[in-house]
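In my numbering, the protein residues as written are 1 to 83.
#1: By DSSP's criteria, residue 4 is part of a beta bridge. Which residues make up the other side?
#2: Using beta-carbon positions only, say whether residue 25 and residue 61 come within less than 8 Å of one another.
#3: Suppose the cutoff is 6 Å on Cβ atoms and the five residues either side in sequence are ignored; what does the same chain contact list for residue 67 look like?
#4: By the DSSP assignment, the alpha helix (DSSP H) with residue 53 in it spans what residues?
#5: Just checking my contact of residue 8 with residue 56 at CB under 8 Å: how many whole Å lie between their CB atoms?
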């Protein structure tokens, strides 16, 4: 499942540089996550880095983009050019 940033975001920017897939960007009002690029850091880290550094806990699993571990691993391989 990809992560999303909720409207509680305070625009601190802590999450953006931590994303290994460059899935986080500045949206119209808050930071946002591109679900097509978010692998929950699978392939890079043991935990989602955006959620780990967020001071207000607004980086949460996106219920609209549920994916299994295997699907996240396949997405990681695609993003890395391995497939």
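C-beta atoms are modelled at their ideal positions from N, C-alpha and C, and glycine is treated no differently. What you are looking at is a predicted structure, and each value in this text was computed from that prediction instead of being measured.
Checking against the coordinates, here is how it stands:
#1: Looking at the DSSP output, residue 4 bridges to 60.
#2: No. Outside cutoff.
#3: Closer than 6 Å at the Cβ level, and outside the excluded window around residue 67, lie 1.
#4: Note, residue 53: alpha helix (DSSP H), 49-53.
#5: Yes, residue 8 and residue 56 are in contact; Cβ-Cβ is about 5 Å, under 8 Å.
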